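Just so you know, the protein sequences line up as chains A and B, in that order.
Our numbering puts the first residue of the first sequence at 1, with every later residue one more than the last.
Our numbering puts the first residue of the second sequence at 1001, with every later residue one more than the last.
2 protein chains.
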Amino acid sequence: MAEQLQNWVLMVTAQTPTNIAVIKYWGKRDEDLILAINDSISVTLDPAHLCTTTTVAVSPAFNQDRMWLNGKEISLSGGRYQNCLREIRARASDVEDENKGIKIAKKDWQNLHVHIVSYNNFPTAAGLASSAAGFACLVFSLAKLMNVQEDNGKLSAIARQGSGSACRSLYGGFVKWIMGKEENGSDSIAVQLVDEKHWDELVIIIAVVSSRQKETSSTSGMRDTVETSALIEHRAKEVVPKRIIHMEEAIQNRDFPTFAQLTCADSNQFHAVCMDTSPPIFYMNDTSHRVIGCVEKWNRSEGTPQVAYTFDAGPNAVLIARNRKAATLMLQRLLFHFPPNSDTDLNSYVIGDKSILKDAGIQDIKDVEALPPPPEIKDKVPAQKYKGEISYFICTRPGRGPVLLTDDSHALLNPETGLPK
Amino acid sequence: MAEQLQNWVLMVTAQTPTNIAVIKYWGKRDEDLILAINDSISVTLDPAHLCTTTTVAVSPAFNQDRMWLNGKEISLSGGRYQNCLREIRARASDVEDENKGIKIAKKDWQNLHVHIVSYNNFPTAAGLASSAAGFACLVFSLAKLMNVQEDNGKLSAIARQGSGSACRSLYGGFVKWIMGKEENGSDSIAVQLVDEKHWDELVIIIAVVSSRQKETSSTSGMRDTVETSALIEHRAKEVVPKRIIHMEEAIQNRDFPTFAQLTCADSNQFHAVCMDTSPPIFYMNDTSHRVIGCVEKWNRSEGTPQVAYTFDAGPNAVLIARNRKAATLMLQRLLFHFPPNSDTDLNSYVIGDKSILKDAGIQDIKDVEALPPPPEIKDKVPAQKYKGEISYFICTRPGRGPVLLTDDSHALLNPETGLPK
C-alpha cells in the first residue's frame, strides 16, 4: 500500500509563446537577478507557429529534479534554473487531486522532485528567442503544478530570473517589461499593454537567415556592451524612456507609421551599441542588411511605412506588416530577392500561416521564379537576387499568452513512469 | 609681340598625401563651410603609395577655368570647387618669373583663368579618401601658383571647404583638425601633432574589399546621421573630446596599446552612429567584419594589441601595425584567410611596400597556399578561408605632407598648350 502511494505521478502541461522586442532590452544592472537597464516592449508571437510546450510532473518516486529539452536530457544545475525552481517552490500551496487520491501539503514541495520535458515547435538553431518561451513555460507550468497563487505579473518576475525576455512571454499581445527600481527585483515585472485582439491586422514574417557564423551569446554580449560601450548609458537613460512613451501611444492608437519608425530605429540602435562594444559585436550580416534595404526602399516608395523590421541577437529579420495586403506584397518582394535553392520545396520554404503565400498567388517554385521585380526598383540597377541566403520564412501574427493544455494527449511525460514519452 | 606675351603658361605641380582618421570626423555643424561637430585626428599616408599629383597653370590664353581629374574633364561649377578657387584668388600676391618674362600683379588674378589636372596614384574606386588628397592638392598647388603667403594651417581652412578631411592632408605625420568655434570657420583648421618621423615604426596595410555594393556618400550620410541619430550628439559632445585628449597623449608617447584601443573603438563608434541613422547606413560588410574578427582574435591571443583597425565610409580595412614584425605577421594572417582568386598575380595582389611580403617569406601564390593557420585558431573550428573577398592589399606607412615637384617632367599639363599631356 505504501509502495502504491509512492508511485503516483501528477502532471501539468502548458504552452507558452515566444516574443520579439520592438523596444529592445540590452544590458543588465544586476547579472544574477537579471534586472534590465531600461524598460522594453515586445509583441507576443502566435504560439500556433512559435511556442514551447512543457510538461512538468511530480512524484514521490522521483529522486532528483530532471529536465529534457528537445529530446535531450540537460543539467538543471545552472543558477538560472535553480533560481526559478527555488522561487516557485517557495510559493507552492497545498494541492489535492481527489480522483487520484493525491494530497500534497505546502511544506512537502521542498522535498519532492520534479521532471520537466520541454519542446520547441520551431528549430532551436533559428535563434528565435527559444529561451524566452522556454523559461516562461517552465515557470508557468511549475506554478500550475504547485498551485502557486500569484498572478502572471508575479510569475513574470520569476521567469525573468531564468531569461530576461522570458518575463514578457507571460502575456499575449503587446507587453512591457518594467525595469523596476527595487534592488531585489520585485518590481521588475511584465505588464500587458494590450491583448492580441487590440491590433489584429498586423502580420509577421520572419526571415530565418542561412548562417553558420557563431554568434556572441546575449548574456556575454550585453555584459560587454555595458562594460565598454560609451553610448549604452545614454541610450538606456535618455533615448529609451522617451521611446517607451511614444511606443505605448502608438500601440494604443494603432498608429502604424509611428510604430514602424520606432521599431526600426530601436532595432538599429540596439545593433549600433553592439557595434560600439569592445570587441565589437556584429549580429546582422550582409543578408540582414539586404532585407533592410529592401524594406526601406519599398516603404520610401509608398510614402508611408508598410512594414517594420526588427532584429534580435542574430541575423534573422522579423518583419511586421501593417496588414495582410502589405504582408502579401512584402512576401512577394522577399521571394523575388531571396529565392530558395533549386532543391528546396516551397512547402518547407514558407511555413506557418501559408494562406499569405496563397494570397500572393504563389503555389510552387515556378511562381517564385516568375515574380516580376518590384516596381520601386524598376528602371534602376538590374534587380539583384540572393539565392539561398534565407533558410526559410515563417508567416505568423501577434498571439496569446500561456495556456494550460488539459487534454492528456498533449503531455510530454508518460503518466505512469514520469519519463519522457 | 602682344600675341606672344599672351601665350605664356605658368605652371606649378604638387603632390599631396591622403590621410586616414583614427578619431573620426562624422557630422557637420555648417554644410556650406564644412565645419565639423567634433575634432578629429588622422595619420597621413605615405604619398609614395597613395597620393594625388596636381598641376595647375595660368595663362592669359585660357578663357575659362577648366579641370581634368584622372584623365577626364570635370565641371568646376560645384560650390566646393568655387569656394576653394575664390578663397585662394582672394589671397593671391604679385608673381614674377624673370626667366620667362612673366609678371602678374595681385589684382590680375581675378581675371586670369586656370587649368587644373589632377591624378591619383591609387584606384579611385577603392574608396580611399581620394577627395581629401585631391582638394588638399588643389588648394596647395593653386596657393603656390598664386604666391599665396598664408601658412599650411590657413590653407587647411580653405581645403576644408572642398572636403572636410582634406584639411588634414596639408601636413605629414599625425594631424588634428580642430573643429573651431567661429561661425565663419576661420579657426576650423588642421594642426600637425607630430611629424612622420616621430613614430616611424608604424606600418599600415590597407585591405581593399571587393565590393559592388553602392555606398551612401559621406556628405549625405553624415547629414542623415546628424538629423536622425539619437546618439551622434552624445558622441560629438561627450565621447570624442575625451578621446582626442587621450589619443594626443598616446601619439606623443608612442603608446601603441592605448592608440590601438582608441582607434578601434572610434572606428566602431563611427559605424555605430551610421547604423543608428534613419535609414541605417552600413559601410562595413561581412568581409570587413571578418577582418576585424581576425585582428581581434590575434590581438587577444598576444595579450597586447599588435594591430589597430579603422574603417572609413566603405568596407576597406586600414590596419596599423605596431611595427614591421607585427605587420609581417598580420599580412601572413590576411593572406591565409583571404587568398587571391586563382587567376590573380601576387604582384598585383600586394602592392606598395612589397618588402613586407618578402619579410613574410612569400614570393608567389604557392607560398600563400602553403601558409599554415595562425596558431591562435589552431585546435578550434577549422580555419575559414574567404577567397576573392579582398581585391588587393596596399602596404604603406605614415608619410610626409604636400610637396612641390620642381622637375618639369612631373607636370601633368603641356607647358606650351596648357592642356593635359
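Think of the CB as a built atom: it goes at the ideal place given N, C-alpha and C, for glycine as much as any other residue.
Quantities reported herein were computed from a predicted structural model and do not represent experimental measurements.
Examine the Cβ distances between the stretch 1260 to 1267 of chain B and the stretch 1012 to 1029 of chain B and report whether three or more of them are shorter than 8 Å.
-> yes
Give the range of the beta strand (DSSP E) segment to which residue 15 (chain A) is assigned.
-> As a working note, residue 15 (chain A) is residue 15 in the first sequence. Element bounds for residue 15 (chain A): 10 to 17.
Proximity test, Cβ basis, 8 Å: residue 958 (chain B) and chain A | The structure shown has nothing for residue 958 (chain B), since chain B only spans 1001 to 1421.
Evaluate residue 343 (chain A) with the Cβ neighbour count: other Cβ atoms within 10 Å of its Cβ, from every protein chain shown; 16 or more gives buried, anything less gives exposed.
-> Indexing the first sequence from 1 puts residue 343 (chain A) at position 343. Exposed, by the Cβ-count rule.
Does residue 1280 (chain B) have its Cβ less than 8 Å from a Cβ in chain A?
-> Residue 1280 (chain B) sits at position 280 when you count from the first residue of the second sequence. Yes, its Cβ sits closer than 8 Å to a Cβ of chain A.
CA-CA distance, residue 1337 (chain B) and residue 332 (chain A)?
-> The residue you call residue 1337 (chain B) lines up with position 337 of the second sequence. The residue you call residue 332 (chain A) lines up with position 332 of the first sequence. Rounded to whole angstroms, residue 1337 (chain B) to residue 332 (chain A) spans 37 Å at the Cα level.
Using only alpha-carbon positions, find the residue among B:1364, B:1339, B:1394 that is nearest to residue 1319 (chain B).
-> Indexing the second sequence from 1 puts residue 1319 (chain B) at position 319. Among B:1364, B:1339, B:1394, the Cα nearest to that of residue 1319 (chain B) belongs to B:1394.
Out of A:64, A:195, A:353, A:418, state which residue places its alpha-carbon closest to the alpha-carbon of residue 77 (chain A).
-> Locating residue 77 (chain A) in the first sequence gives position 77, counting from the first residue. Comparing Cα positions, the closest option is A:64.
Top-ranked residue by Cα proximity to residue 175 (chain A), from A:186, A:190, A:143 | Within the first sequence, the letter at position 175 stands for residue 175 (chain A). Nearest of A:186, A:190, A:143 to residue 175 (chain A), Cα basis: A:190.
To the nearest angstrom, report how far apart residue 1371 (chain B) and residue 1397 (chain B) are at their CA atoms.
-> Residue 1371 (chain B) sits at position 371 when you count from the first residue of the second sequence. Residue 1397 (chain B) sits at position 397 when you count from the first residue of the second sequence. Each residue's Cα considered, the two are about 25 Å apart.
Count the other C-beta atoms from every protein chain shown that fall within 10 angstroms of the C-beta of residue 410 (chain A), then say buried if there are 16 or more, exposed otherwise.
-> The count along the first sequence starts at 1 and reaches residue 410 (chain A) at position 410. It counts as exposed.
Mind reading off the beta-carbon distance from residue 41 (chain A) to residue 244 (chain A)? Whole number of angstroms is fine, and I expect it under 8 Å.
-> Counted from its first residue, the first sequence places residue 41 (chain A) at position 41. Counted from its first residue, the first sequence places residue 244 (chain A) at position 244. With a Cβ gap of about 6 Å, residue 41 (chain A) and residue 244 (chain A) count as contacting.
Residues bridged to residue 248 (chain A) (per DSSP) | Numbered from 1 along the first sequence, position 248 holds the residue referred to as residue 248 (chain A). Its beta-bridge partners do not exist; DSSP assigns none.
List the residues of chain B that residue 275 (chain A) touches, going by C-beta distances under 7 Å, in chain order.
-> Here residue 275 (chain A) refers to the residue found at position 275 of the first sequence. Within chain B, the residues near residue 275 (chain A) are 1268, 1271, 1272, 1275.
Is residue 428 (chain A) buried or exposed, if buried means 16 or more other CB atoms sit within 10 Å of its CB?
-> Given a span of 1 to 421 for chain A in the structure shown, any question on residue 428 (chain A) remains unanswerable.
Ordered along the chain, which non-local residues of its own chain (more than five positions away) have a Cβ less than 8 Å from that of residue 1100 (chain B)?
-> Reading the second sequence from its first residue, position 100 is the one you call residue 1100 (chain B). The residues are 1008, 1010.
8 Å Cβ cutoff, residue 235 (chain A) in contact with chain B | In the first sequence, residue 235 (chain A) corresponds to position 235, counting from 1. Chain B contact via Cβ: present.
Assigned secondary structure, residue 474 (chain A) (DSSP; H/G/I helix, E/B strand, else coil) | Since the displayed chain A opens at 1 and closes at 421, residue 474 (chain A) lies outside it and no answer follows.
In the stretch 1293 to 1308 of chain B, which residues sit with their C-beta less than 7 Å from some C-beta in chain A, listed in chain order?
-> 1296
C-alpha distance - residue 1449 (chain B) paired with residue 1183 (chain B), whole-angstrom precision | With chain B covering 1001 to 1421 only, the question about residue 1449 (chain B) has no answer from this structure.
Looking only at DSSP bridge pairs, what is residue 157 (chain A) linked to?
-> Stepping through the first sequence from its first residue, residue 157 (chain A) is reached at position 157. The partner list for residue 157 (chain A) (beta bridge, DSSP) is empty, contrary to what the question assumes.
Taking residue 1299 (chain B) as the reference, which of A:278, A:299, A:317, A:309 has the closest Cα?
-> Looking up residue 1299 (chain B) in the second sequence gives position 299. Checked all of A:278, A:299, A:317, A:309; the closest Cα to residue 1299 (chain B) is A:278.
If you measure beta-carbon to beta-carbon, which residues of the stretch 1206 to 1231 of chain B are closer than 7 Å to chain A?
-> 1230, 1231
Distance, Cα to Cα, residue 1405 (chain B) vs residue 1039 (chain B)?
-> On the second sequence, position 405 is the one that residue 1405 (chain B) refers to. On the second sequence, position 39 is the one that residue 1039 (chain B) refers to. The alpha-carbon atoms of residue 1405 (chain B) and residue 1039 (chain B) are separated by roughly 31 Å.
CA-CA distance, residue 1417 (chain B) and residue 1014 (chain B)?
-> The residue you call residue 1417 (chain B) lines up with position 417 of the second sequence. The residue you call residue 1014 (chain B) lines up with position 14 of the second sequence. Rounded to whole angstroms, residue 1417 (chain B) to residue 1014 (chain B) spans 19 Å at the Cα level.
Excluding sequence positions up to five away, which residues of its chain have a Cβ less than 8 Å from the Cβ of residue 1 (chain A)?
-> For this step, residue 1 (chain A) is matched to residue 1 along the first sequence. Annotation note: pLDDT 39 at residue 1 (chain A) (below 50); position unreliable, no value reported.
Taking C-beta pairs closer than 7 Å, name the residues in chain A that residue 1265 (chain B) reaches, listed in chain order.
-> Within the second sequence, numbered from 1, the residue matching residue 1265 (chain B) stands at position 265. Simply 278.
For residue 383 (chain A), the first and last residue of its enclosing alpha helix (DSSP H) | Taking the first residue of the first sequence as 1, we reach residue 383 (chain A) at position 383. That residue, residue 383 (chain A), is in no alpha helix (DSSP H); it is neither H nor E in DSSP.
Could you tell me whether any Cβ in chain A is nearer than 8 Å to the Cβ of residue 1318 (chain B)?
-> Looking up residue 1318 (chain B) in the second sequence gives position 318. No - not a single Cβ of chain A is within 8 Å of the one on residue 1318 (chain B).
Are residue 133 (chain A) and residue 16 (chain A) touching if we call contact CB-CB under 8 Å?
-> Here residue 133 (chain A) refers to the residue found at position 133 of the first sequence. Here residue 16 (chain A) refers to the residue found at position 16 of the first sequence. Taking 8 Å as the Cβ cut-off, residue 133 (chain A) and residue 16 (chain A) qualify as a contacting pair.
Beta-carbon proximity list for residue 357 (chain A), same chain, < 6 Å, skipping 5 on both sides | Here the question's residue 357 (chain A) lines up with position 357 in the first sequence. Counting only Cβ-Cβ distances below 6 Å, and skipping sequence neighbours, we find 350.
Using Cβ-Cβ distances below 9 Å, what residues of the stretch 12 to 26 of chain A are close to chain B?
-> none
Name the chain A residues that come within less than 7 Å of residue 1239 (chain B), Cβ to Cβ?
-> Here residue 1239 (chain B) refers to the residue found at position 239 of the second sequence. In chain order: 230.
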